[in-house]
Amino acid sequence: MFTTSLFILLAILLQVTSVYSGKEHIGGACLDPLNFGKAPCDKTWSIRYHMDVPTETCLAFNFTGCGQNWNNFPSVLACYEKCLPSDYQICPAASKSYKTTLGKDFCRKECDCGPRKYCNIGGQAFGQCCREDIRTKINSDYNPKCARGQSVVEYKENGVVTKLIGKKCAHNFCPHGSRCIQGYFFAACCL
């Protein structure tokens, strides 16, 4: 009986681990699925941030204020601090990185990467070769075409101006009166 229970528990753990294979660098609670909270709820709804594991990006969502939700942070900065190592570097939206034209894992300049790729240099003196078309799509997501007289909703956190970005418009993270624009990977708000 004990052996059977242990075997079942091990099988469940292996299955959960395999879902996020290659994402071992992401902190424990950050692997939890997005949870909007329970409704009805007598608390005030608020914009919170969660780690979107597939894209390894902290994104906004509207939390009801009720129910436990560990992948839930008060700011985008708090989300990144908890979920990813500070020196961690990836291609945009956790897309695949490529070897340089000389077969190396890291690049130092654009020409190292070959056609339709670029050198994504982070805080280090080296970077990774990433696809240019994905960077273009993400830039488009962060800078959608807003209606005349409107602009992308931004906010200030620790003195840094940041755009309010979510995974999907259905996550209701845009402020009242603004319009959500769904992009290729992410959604932004125009006001």
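Each number in the numbering used here corresponds to the 1-based position in the sequence shown with 1305 added.
In this text, a Cβ means the ideal position worked out from N, Cα and C, and glycines have one as well.
Rounded C-alpha distance that separates residue i from residue j
i	j	result
Gly-1432	Asn-1444	19 angstroms
Thr-1362	Lys-1450	22 angstroms
Arg-1421	Leu-1469	29 angstroms
Cys-1494	Val-1458	5 angstroms
His-1330	Pro-1345	35 angstroms
Met-1356	Phe-1341	13 angstroms
Ala-1334	Phe-1378	11 angstroms
Ala-1471	Cys-1412	The amino acid occupying residue 1471 in the given sequence is Gly; Ala does not appear at that position. Distance between the alpha carbons of Gly-1471 and Cys-1412 is about 30 angstroms.
Tyr-1385	Gly-1332	10 angstroms
Lys-1328	Leu-1389	10 angstroms
From the options, residue whose alpha carbon lies closest to that of residue i
i	options	result
Pro-1397	Phe-1490, Cys-1485, Arg-1421	Phe-1490
Pro-1338	Asn-1374, Lys-1328, Thr-1349, Gly-1464	Asn-1374
Thr-1349	Gly-1372, Lys-1387, Tyr-1460, Thr-1360	Gly-1372
Leu-1336	Arg-1413, Asn-1376, Gly-1427, Gly-1471	Asn-1376
Buried or exposed (CB count within 10 angstroms, at least 16 for buried), residue i
i	result
Tyr-1393	exposed
Leu-1364	buried
Thr-1405	buried
Arg-1353	buried
Presumed contact (8 angstroms Cβ cut-off) between residue i and residue j, rounded CB distance
i	j	result
Ser-1269	Ile-1439	This structure cannot settle anything about residue 1269, because the visible part of the chain is limited to 1306 through 1496.
Asn-1367	His-1481	Contact doesn't hold; Cβ gap of about 11 angstroms is too wide.
Ala-1492	Lys-1461	Incorrect: roughly 21 angstroms between the Cβ atoms, too far for contact.
heavy atom of the ligand ZN below 7 angstroms from residue i C-beta
i	result
Gly-1427	Ligands are entirely absent from the displayed structure, and the ligand ZN is therefore not among its contents.
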